[in-house]
Structure formats: C-alpha cells, structure tokens
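Asks:
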Amino acid sequence: MMDSRRVDLSGVTPEARPIVEAAARVYLRYLRPWFVGLIAHGSAVKGGFIPGCSDIDLQQYLEDAAFSEDGQLPFELLLALHADLARIDPAPFQYIQCYPFGSRLRDGWVGPIPGAYRLLAGRLPFPEA
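Under the numbering used here, the first residue of the sequence shown carries the number 1, and numbering increases by one thereafter.
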C-alpha cells in the first residue's frame, strides 16, 4: 500500500506535475480523515493535452462516512477546500476537476482501467476494471 502522505507523480506528465501535486496536497489536507486513495487520469497521465483547453482529471476515493445521506460532502469543508484550490494556477491546463467517490463501486460501474490512470496516493478501494 502506498503512503497516503506521499504523492507519487511518477506517472504524471511533466506539464501537469506541479498542478497535480498542489491539488493533491489540498485534497489530502482537507479529506485526510476519510482518505482512501487519489488517482489522476486523462491527458495529465496519457499526454496529448491541449493548452488552455484540457483539464486536470482527478478522482478522490473516501470512506463512506465522509458523505451525508444524500451523498454530499459537508458544505463548509467544500468551501474551505475550494478556496485553497482557487489559489492554484492550472496553466497550461484550463482547470482542475476532481470527483469524490465512496469506497464502493456504484451499480453498473467498473474500477479504473489499467494503464489509463495513475495512483497518486493511498490505494484503490476496489479492483481495477
């Protein structure tokens, strides 16, 4: 298992590394109590990004206890987290996108596709596709 305090940028494109690292540190700081894993995917991993158009794609896996009954993270937590994210300059990418998921796969979904993502910290909570 990967140390959740360390961010592994080895599979991230050089252009995306400083942005991914900064964003990952923000997510880890605010979501550590429920942290399971964090992955990057898309052009930040596979390359071929379009300057000013492509985004940084992240997925955050959290323990189910992080979410309210309606599947949301606490509003105050999100405000603070997004205030810190707003300080990160995403250039040459357009923006940072991260979806939070619980530790169980949704019905009909499969895990991440091998080779299409990089584990940045923690672990996957379920098997790959």
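Think of the CB as a built atom: it goes at the ideal place given N, C-alpha and C, for glycine as much as any other residue.
Quick caveat, the model's predicted, so the values are computed rather than measured.
For the ligand GDP, is there any heavy atom lying closer than 7 Å to the beta carbon of Leu77?
Replies: In the structure on display, the ligand GDP does not appear, and there are no ligands present to speak of.
Asks: Which class does Phe75 belong to by DSSP, given the choice of helix, strand or coil?
Replies: Here the question's residue 75 lines up with position 75 in the sequence shown. Phe75 falls in the helix class under three-state DSSP.
Asks: Suppose you measure from the CA of Ser103 to the CA of Phe75; what does that come to, to the nearest Å?
Replies: In the sequence shown, counting from the first residue as 1, residue 103 sits at position 103. In the sequence shown, counting from the first residue as 1, residue 75 sits at position 75. One C-alpha to the other measures close to 20 Å.
Asks: For Asp84, does the three-state DSSP call read helix, strand or coil?
Replies: As a working mapping, residue 84 is identified with position 84 in the sequence shown. Correct three-state label for Asp84: helix.
Asks: Here's a check: name, in chain order, each residue in its chain whose Cβ is nearer than 7 Å to the Cβ of Arg118, leaving out the five neighbours to either side.
Replies: Position 118 of the sequence shown, counting from 1, holds the residue named residue 118. Excluding residues within five positions, the ones whose Cβ falls inside 7 Å are Gly11, Val12, Ile39, Ala40, Val45.
Asks: Along the alpha helix (DSSP H) that carries Val26, what are the first and last residues, could you check?
Replies: Here residue 26 is taken as the residue at index 26 of the sequence shown, counted from 1. Start and end: 17-31.
Asks: Which first and last residues belong to the beta strand (DSSP E) in which Ala121 is found?
Replies: Reading the sequence shown from its first residue, position 121 is the one you call residue 121. Here the beta strand (DSSP E) through Ala121 covers 117-122.
Asks: With Val36 as the anchor, note down where its beta strand (DSSP E) starts and where it stops.
Replies: Residue numbering aside, residue 36 sits at position 36 when the sequence shown is read from its first letter. Element bounds for Val36: 35-41.
Asks: Out of Cys98, Ile56, Tyr61, which one is the CA nearest neighbour of Leu124?
Replies: The sequence position of residue 124 within the sequence shown is 124, counting from 1. Among Cys98, Ile56, Tyr61, the Cα nearest to that of Leu124 belongs to Tyr61.
Asks: CA-CA distance, Asp89 and Ile19?
Replies: What you label residue 89 is simply residue 89 of the sequence shown in a count that begins at 1. What you label residue 19 is simply residue 19 of the sequence shown in a count that begins at 1. About 7 Å.
Asks: Helix, strand or coil, according to DSSP, for Asp89 in the structure here?
Replies: By one-based count along the sequence shown, residue 89 stands at place 89. Asp89: coil per DSSP, three-state reduction.
Asks: Who pairs with Gln95 in a beta bridge, going by DSSP?
Replies: As a working mapping, residue 95 is identified with position 95 in the sequence shown. One detail in the question is off: residue 95 reads as Tyr in this sequence, not Gln. Paired residues: none, contrary to the question.
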